[in-house]
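Residue numbers (the numbering used here), protein chains in the order written: chain A, 31 to 140; chain B, 349 to 464.
Here it is in structure tokens:
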């Protein structure tokens, strides 16, 4: 079963706009990771945030984590056509297994 | 360092045939994972290795599935007597032995299996 759940399922934005997607999970975690997947390809790791962190930045990405609400958000600023992809949050079960949600599909229109 | 590689990238087979996939992890990564991803879903954990030892198997891994990592380097995933429900993307990932909790897992490009 998949622990994480992303919202919305799909998002369409204009180039230059910001994209925000959310992830909710069910059990306690050690960390939460966000991955990107271009159509039919493997997953690319974007960012990892540990349970004792509240916010993390990496380039145009900003991730927040609220362990009291069991939720996380990923913000992509100044979106580009190359950001078109599916985005997944993944939580750790035990110390080896990642549990992924169904993902948010982001389309950036030129 | 060329990242995680998987071979083949695509496999089309007929129901009932056996298939084998290979994964080469990032060198010196102790842990190797297999996941399966069906259309519109996120990856689901199948199994993982710490060096050559297979330490955990998901209930998704029926007895038709077997995975090996004989020398603690590359790994193979074999599916015997394939069924149409086995059609999916099979993803391999590797990570260094984590110092604490779960570490970043680096994924390969995947093998897309189509069972006719």
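All C-beta atoms, glycine included, are put in the ideal place defined by N, C-alpha and C.
Bridge partners for residue i per DSSP, in chain order?
| i | result |
| --- | --- |
| residue 65 of chain A | A:75, A:118 |
| residue 138 of chain A | A:43 |
| residue 385 of chain B | B:437 |
| residue 397 of chain B | B:380, B:402 |
| residue 92 of chain A | A:87, A:105 |
| residue 360 of chain B | B:462 |
| residue 454 of chain B | B:442 |
| residue 127 of chain A | A:123 |
Figure out for me which residue from the options has the closest Cα to the Cα of residue i.
| i | options | result |
| --- | --- | --- |
| residue 36 of chain A | A:119, A:127, A:137, A:100 | A:119 |
| residue 117 of chain A | A:70, A:127, A:57, A:46 | A:70 |
| residue 113 of chain A | A:74, A:76, A:59, A:136 | A:136 |
| residue 130 of chain A | B:444, B:402, B:392 | B:392 |
| residue 423 of chain B | B:372, B:460, B:438 | B:372 |
| residue 65 of chain A | A:104, A:95, A:58, A:81 | A:104 |
| residue 81 of chain A | A:74, A:98, A:50, A:75 | A:98 |
| residue 399 of chain B | B:419, B:382, B:386 | B:419 |
| residue 73 of chain A | B:444, B:353, B:406 | B:353 |
| residue 370 of chain B | B:440, B:445, B:451 | B:440 |
| residue 442 of chain B | B:434, B:451, B:436, B:435 | B:451 |
| residue 401 of chain B | B:413, B:378, B:390, B:386 | B:378 |
| residue 95 of chain A | A:83, A:109, A:121, A:106 | A:83 |
Within the 9 Å Cβ cut-off, does residue i reach chain B?
| i | result |
| --- | --- |
| residue 55 of chain A | no |
| residue 129 of chain A | yes |
| residue 37 of chain A | no |
| residue 123 of chain A | yes |
| residue 71 of chain A | yes |
| residue 120 of chain A | yes |
| residue 25 of chain A | Lying before the first or after the last residue shown, residue 25 of chain A is absent from chain A, which here runs from 31 to 140. |
| residue 63 of chain A | yes |
With 9 Å set as the bound, which would you pick, yes or no: does the beta-carbon of residue i sit closer than that to a beta-carbon of chain A?
| i | result |
| --- | --- |
| residue 441 of chain B | yes |
| residue 403 of chain B | yes |
| residue 457 of chain B | yes |
| residue 452 of chain B | yes |
| residue 391 of chain B | yes |
| residue 388 of chain B | yes |
| residue 384 of chain B | no |
Roughly how many angstroms separate the alpha carbons of residue i and residue j, rounded to a whole number?
| i | j | result |
| --- | --- | --- |
| residue 415 of chain B | residue 462 of chain B | 19 Å |
| residue 101 of chain A | residue 38 of chain A | 13 Å |
| residue 45 of chain A | residue 75 of chain A | 22 Å |
| residue 388 of chain B | residue 133 of chain A | 8 Å |
| residue 384 of chain B | residue 361 of chain B | 17 Å |
| residue 403 of chain B | residue 444 of chain B | 15 Å |
| residue 350 of chain B | residue 374 of chain B | 7 Å |
| residue 107 of chain A | residue 40 of chain A | 17 Å |
| residue 433 of chain B | residue 395 of chain B | 18 Å |
Please decide whether residue i counts as near chain E, where near means a Cβ-Cβ distance under 9 Å.
| i | result |
| --- | --- |
| residue 111 of chain A | Annotation note: the requested chain E is absent from the structure, which comprises protein chains A and B. |
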